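Enquirer:
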Amino acid sequence: MGVLTSGLFVSFLGILGVSAELIAVVQVVRHGQRIPVKFFPTSKYLDGEYWGNLGAGQLTNEGKRQLFALGQYTRRRYPNFLPLKYNASSFHAYTTDVDRTHMSAQSNIYSLFPATDEQVWRRNLNWQPIPIHPISRDEFWGDSACPNFYILRTEALNDKLSQSIDEEYAGVYKYISKYSGLDIKSYFQIHTVFDNFKIQEDVGLPLPDWSKAVYPEPITSIAGWLFEVFSRTTQMKRLIKGRFLNKVVEYFEKMADDPKSSEKYQFYSGHDSNIASLLNSFGSFNPPYPPDFASTVYIELHFESWRHVVKVFSKDGDNVKQISVNGCSLSCPLSKFKEVLSDILIDKETYDEECSNIKDTSGLKKLLLADSNTHKITTEEVRETSFIT
Numbered sequence: 076m077g078v079l080t081s082g083l084f085v086s087f088l089g090i091l092g093v094s095a096e097l098i099a100v101v102q103v104v105r106h107g108q109r110i111p112v113k114f115f116p117t118s119k120y121l122d123g124e125y126w127g128n129l130g131a132g133q134l135t136n137e138g139k140r141q142l143f144a145l146g147q148y149t150r151r152r153y154p155n156f157l158p159l160k161y162n163a164s165s166f167h168a169y170t171t172d173v174d175r176t177h178m179s180a181q182s183n184i185y186s187l188f189p190a191t192d193e194q195v196w197r198r199n200l201n202w203q204p205i206p207i208h209p210i211s212r213d214e215f216w217g218d219s220a221c222p223n224f225y226i227l228r229t230e231a232l233n234d235k236l237s238q239s240i241d242e243e244y245a246g247v248y249k250y251i252s253k254y255s256g257l258d259i260k261s262y263f264q265i266h267t268v269f270d271n272f273k274i275q276e277d278v279g280l281p282l283p284d285w286s287k288a289v290y291p292e293p294i295t296s297i298a299g300w301l302f303e304v305f306s307r308t309t310q311m312k313r314l315i316k317g318r319f320l321n322k323v324v325e326y327f328e329k330m331a332d333d334p335k336s337s338e339k340y341q342f343y344s345g346h347d348s349n350i351a352s353l354l355n356s357f358g359s360f361n362p363p364y365p366p367d368f369a370s371t372v373y374i375e376l377h378f379e380s381w382r383h384v385v386k387v388f389s390k391d392g393d394n395v396k397q398i399s400v401n402g403c404s405l406s407c408p409l410s411k412f413k414e415v416l417s418d419i420l421i422d423k424e425t426y427d428e429e430c431s432n433i434k435d436t437s438g439l440k441k442l443l444l445a446d447s448n449t450h451k452i453t454t455e456e457v458r459e460t461s462f463i464t
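Mind the numbering: the sequence shown is residues 76 to 464 in the numbering used here, read in order.
1) Per DSSP, what kind of secondary structure is Ser-186 in: helix, strand or coil?
2) Quick check on the DSSP output: the beta strand (DSSP E) that includes His-167 runs from which residue to which?
3) Use the C-beta contact count for His-208: other C-beta atoms within 10 angstroms, 16 or more gives buried, fewer gives exposed.
4) Does Glu-456 come out as helix, strand or coil in the three-state DSSP assignment?
5) Over what stretch of residues does the beta strand (DSSP E) that includes Thr-371 continue unbroken?
6) Comparing C-alpha positions only, which one of Ser-164, Gly-130, Lys-316, Ile-315 sits nearest to Met-330?
7) Assuming Asp-391 is part of the beta strand (DSSP E), what are its boundary residues?
8) Please report how far the alpha carbon of Leu-232 lies from the alpha carbon of Asp-422, in whole angstroms.
9) If I'm right that Ser-344 touches Ser-179 with Cβ under 8 angstroms, what's the distance once you round it to whole angstroms?
10) Kindly indicate which residue of Tyr-225, Val-323, Glu-328, Leu-301 has the alpha-carbon position closest to the one of Thr-267.
11) If you draw a straight line from the alpha carbon of Pro-365 to that of Arg-198, how long is it in whole angstroms?
12) Could you give the residue range of the alpha helix (DSSP H) that holds Leu-145?
13) When the distance is taken between beta carbons, is Gln-310 closer than 8 angstroms to Leu-227?
14) When you compare only the Cα positions, how much space is there between Pro-283 and His-177?
15) The alpha helix (DSSP H) spanning His-266 covers which residue range?
16) Can you tell me whether Asn-183 is buried or exposed? The criterion is at least 16 other CB atoms within 10 Å of its CB, across all chains shown.
17) How do the segment 102-110 and the segment 133-151 stand: do at least 3 beta-carbon pairs fall below 8 angstroms, yes or no?
18) If you check the beta carbons only, do Leu-187 and Gly-146 fall under 8 angstroms apart?
19) Does the Cβ-Cβ distance between Lys-113 and Ala-131 come in under 8 angstroms?
20) For Gln-133, which of helix, strand or coil comes out of DSSP?
21) Please classify Gly-402: does DSSP put it in a helix, a strand, or coil?
22) Would you mind working out which of Tyr-290, Ala-298, Gly-317 sits nearest Ile-240, comparing C-alpha positions?
23) Based on DSSP bridge pairs, tell me the residues matched to Pro-324.
24) Short of 6 angstroms in beta carbon distance, which residues of its chain neighbour Tyr-161, apart from the five on each side in sequence? Order them along the chain.
25) Which same chain residues, not among the five before or five after Ser-337, have their C-beta less than 7 angstroms away from its C-beta?
26) Helix, strand or coil for Leu-200, going by three-state DSSP, please let me know.
27) Taking just the CA atoms, how far does Lys-339 sit from Lys-396?
28) Closest to Ile-294 by CA distance: which of Lys-249, Val-324, Ile-433, Glu-230 is it?
29) When the distance is taken between beta carbons, is Tyr-169 closer than 8 angstroms to Val-100?
30) State the DSSP-derived secondary structure class of Ser-356, mapped to helix, strand or coil.
31) Could you check the C-alpha separation between Ser-296 and Tyr-244 for me, to the nearest Å?
32) Between Tyr-290 and the rest of its own chain, which residues show a CB-CB distance below 6 angstroms, the 5 nearest in sequence each way excluded?
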C-alpha cells in the first residue's frame, strides 16, 4: 500500500468515526501490595517476622508480581502503540520518592520492556536498566509543600458532610476503639485498621474475631470517605491535582500539534491518594472507595473524526471502565477537556501564590468552637497524620 493510499485509508477511518490514531498516553498507577505502614496497638502481627522482616511500608513479592502483571496488561492494551523495545523517545517514567513506588515502577517497566537482541547485556538475563525520574511532591501531590492545603483539609474534615458521616458511624468508632487500642472519633482516623485488615486478608493472616462485625463493611465504605476528603472542594483539587493536570493538558496540546515533539507514553508511579484525587477531579469518584493495590488510570489522546479527543479509563483489580470527565462525552474533545477542568488547572506560579498566602482561618476557628456531637479535627492532627499509602 503506497503512502497516498495509506493516508486515504486513515482519512476514511476518521470519516467513519473509528479511532484512527492513538497519539499519547499518560498512565498513573498505585504501587503494589505492601506491608502495613502502621499497625494498631492490639494487632497480633507487630512482629516483623510475619512480614519477612522487610520493614513497614515495603513492597511485598506479591506487590512486585501485581505491577509486573499490570505491565503485561498494558502491553496487551497497546500492542501496536508501545514499541517492543525500549527507547527514551517513546517512554518516560516518573515516581514519587518512596521505596515501594520506585520498586513498583521497576517491576512494571520490566514486563513492558524486557531486554531482547542487542539490548541483552548479560547472558541469561532479560532485565535492562531503564531510567525512572523523580517527580516533585508539590507537582504530583501538593500537600506537604502547601500550608493552605492543611487548612482546607481541616475545614473539610469538620464540614456538615463529615459531621454526618461521623454521627452515622459513631457506634462503629466506639466498637473499633475498644478492640484496636486506638481512640477513633472520626473517619479521618480509620485508615490504619482498614489497611491492616485488608493486607492481612490479602496475605492470608487470620483476622481477629472482633473484625467480623465491621470488616469488610462498614470499614471499607468509611475508608472511602477518607480518600474523597483529600479533594472535596474545587480549591483542594487545584492544590492537590491542578499542577499535574495542567502538565497533562500542556503535554496533550503539544502532542496534538506535533506527535513527534515528545515521548508518546508517560508513566507515573504513585499512591492510592493519587488515584483517588485524580478520579475525584474528573468527577468520577462517587461513591468513594479505597483504590486497590496496582490500580491505575489511563488518560489517552486520540485523533479521530478529524479532531483530537481525550479518553480516560480506570482499572481497579479486574474492573476496567471508561469514565466521563466532569460530564464531557467519553470521547472528549481536547479543548473541551481543558474547559471542564479549567477551575482546577493551575501553574506553578499560581500554585505557589495560593499556597503561601495563608487564608483567613477565623471561619475555621469558629467551626472548631461550635457545639457539635462529633469530634473536631484540628489542623495539628491533620499535619501529624500521613496519608501517603
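The beta carbon of each residue, even a glycine, is placed where N, CA and C say it ideally should be. Here the structure is a predicted model, which means the values were calculated and not measured.
Expert: Based on what the coordinates show:
1) Residue numbering aside, residue 186 sits at position 111 when the sequence shown is read from its first letter. Of the three classes helix, strand and coil, the one that applies to Ser-186 here is helix, per DSSP.
2) Indexing the sequence shown from 1 puts residue 167 at position 92. From DSSP, the beta strand (DSSP E) with His-167 extends over 166-170.
3) In the sequence shown, the residue the question calls residue 208 occupies position 133. The Cβ neighbour count for His-208, taken over all protein chains shown within 10 Å, is under 16; the residue is labelled exposed.
4) The sequence position of residue 456 within the sequence shown is 381, counting from 1. Of the three classes helix, strand and coil, the one that applies to Glu-456 here is helix, per DSSP.
5) In the sequence shown, the residue the question calls residue 371 occupies position 296. Residues 371-379.
6) Translated into the one-based positions of the sequence shown, residue 330 becomes position 255. If we check each option's Cα against that of Met-330, Ser-164 comes out closest.
7) To locate residue 391, count along the sequence shown from 1; it is residue 316. Taken as a continuous stretch (DSSP letters only), the beta strand (DSSP E) holding Asp-391 covers 382-391.
8) Position 157 of the sequence shown, counted from the first residue, corresponds to residue 232. Position 347 of the sequence shown, counted from the first residue, corresponds to residue 422. C-alpha separation (whole angstroms): 27 angstroms.
9) Position 269 of the sequence shown, counting from 1, holds the residue named residue 344. Position 104 of the sequence shown, counting from 1, holds the residue named residue 179. About 5 angstroms separates the two Cβ atoms, so the contact holds.
10) Taking the first residue of the sequence shown as position 1, residue 267 is located at position 192. If we check each option's Cα against that of Thr-267, Leu-301 comes out closest.
11) One-based indexing of the sequence shown puts residue 365 at position 290. One-based indexing of the sequence shown puts residue 198 at position 123. Taking the straight line joining both Cα atoms gives about 43 angstroms.
12) Position 70 of the sequence shown, counted from the first residue, corresponds to residue 145. Here the alpha helix (DSSP H) through Leu-145 covers 136-152.
13) The residue labelled residue 227 in the question sits at position 152 within the sequence shown. The residue labelled residue 310 in the question sits at position 235 within the sequence shown. A contact, by the Cβ cut-off of 8 angstroms.
14) Taking the first residue of the sequence shown as 1, we reach residue 283 at position 208. Taking the first residue of the sequence shown as 1, we reach residue 177 at position 102. Computed Cα separation, rounded: 33 angstroms.
15) In the sequence shown, the residue the question calls residue 266 occupies position 191. Its alpha helix (DSSP H) spans residues 266-278.
16) Here residue 183 is taken as the residue at index 108 of the sequence shown, counted from 1. Asn-183 comes out buried.
17) yes
18) Here residue 187 refers to the residue found at position 112 when the sequence shown is read from its first residue. Here residue 146 refers to the residue found at position 71 when the sequence shown is read from its first residue. Yes, the pair counts as a contact, with Cβ atoms nearer than the cut-off.
19) Start at 1 with the first residue of the sequence shown, and residue 113 comes out as number 38. Start at 1 with the first residue of the sequence shown, and residue 131 comes out as number 56. It is a contact, given that the beta carbons lie within the stated cut-off.
20) Here the question's residue 133 lines up with position 58 in the sequence shown. It is coil, neither helix nor strand.
21) Indexing the sequence shown from 1 puts residue 402 at position 327. Correct three-state label for Gly-402: coil.
22) Your numbering for residue 240 matches position 165 in the sequence shown. Looking at the Cα atoms, Ala-298 is the closest of the given residues.
23) What you label residue 324 is simply residue 249 of the sequence shown in a count that begins at 1. Note that residue 324 is Val in the sequence shown, not Pro. None, per the DSSP bridge assignment.
24) If you number the sequence shown from 1, residue 161 lands on position 86. In its chain, beyond the 5 residues on either side, Phe-188, Ile-205 have a beta carbon closer than 6 angstroms to the beta carbon of Tyr-161.
25) Translated into positions along the sequence shown, residue 337 becomes position 262. Only Tyr-326, Lys-329, Met-330 meet the Cβ criterion.
26) Here residue 200 refers to the residue found at position 125 of the sequence shown. Reduced to three states, the DSSP call for Leu-200 is strand.
27) Here residue 396 is taken as the residue at index 321 of the sequence shown, counted from 1. Here residue 339 is taken as the residue at index 264 of the sequence shown, counted from 1. The alpha-carbon atoms of Lys-396 and Lys-339 are separated by roughly 22 angstroms.
28) Counting from 1 along the sequence shown, the entry for residue 294 is found at position 219. Cα-wise, what sits closest to Ile-294 is Lys-249.
29) The residue labelled residue 100 in the question sits at position 25 within the sequence shown. The residue labelled residue 169 in the question sits at position 94 within the sequence shown. Cβ atoms of Val-100 and Tyr-169: not closer than 8 angstroms.
30) Within the sequence shown, numbered from 1, the residue matching residue 356 stands at position 281. The answer is helix: DSSP assigns Ser-356 an H, G or I state.
31) Against the sequence shown, residue 296 aligns to sequence position 221. Against the sequence shown, residue 244 aligns to sequence position 169. C-alpha of Ser-296 to C-alpha of Tyr-244: approximately 11 angstroms in a straight line.
32) Translated into the one-based positions of the sequence shown, residue 290 becomes position 215. Excluding sequence neighbours, Tyr-290 sits near Phe-272.
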